[in-house]
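Numbering (the working numbering), first residue to last: 335 to 402. We put the CB at the ideal spot given by N, CA and C, even for glycine. Okay, so here's the structure we're looking at.
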């Protein structure tokens with residue numbers, strides 16, 4: 335089945351609130367991004383909230399970021 339819609343995927347297929355609770359928006363090097371908490375100081379980039387293509391080259395989804 336193929337579903338054609340203009341609605342965001344999150345509205346059509348709601349995500350689990352436990353998964354959403356692990357995500358947060360952070361600001362790194364002037365770039366806002368949605369990250370998911372991993373281990374103590376490790377985060378995984380979920381989405382880069384920027385329209386600048388150079389920001390996607392610096393931080394791509396799936397990339398691990400660690401804070402000391």
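Inter-residue spacing [alpha-carbon to alpha-carbon] between residue i and residue j
i	j	result
residue 369	residue 345	20 angstroms
residue 350	residue 358	15 angstroms
residue 367	residue 335	32 angstroms
residue 382	residue 397	11 angstroms
residue 390	residue 362	13 angstroms
residue 338	residue 347	13 angstroms
Three-state secondary structure assigned by DSSP to residue i
i	result
residue 392	helix
residue 353	helix
residue 374	coil
Residues near residue i in its chain [Cβ-Cβ closer than 8 angstroms; skip 5 each side]
i	result
residue 380	357, 367, 368, 369, 370 and 395
residue 400	375, 376 and 377
Distance between beta carbons of residue j and residue i, contact taken as under 8 angstroms
i	j	result
residue 392	residue 360	With 8 angstroms as the limit, residue 392 and residue 360 do not qualify as a contact, their Cβ atoms being about 14 angstroms apart.
Contacts around residue i, its chain only, beta-carbon distance under 6 angstroms, and the 5 residues preceding and following it disregarded
i	result
residue 372	378
Beta-carbon contacts of residue i that lie in its chain and below 7 angstroms, excluding the five residues immediately before and after
i	result
residue 352	none
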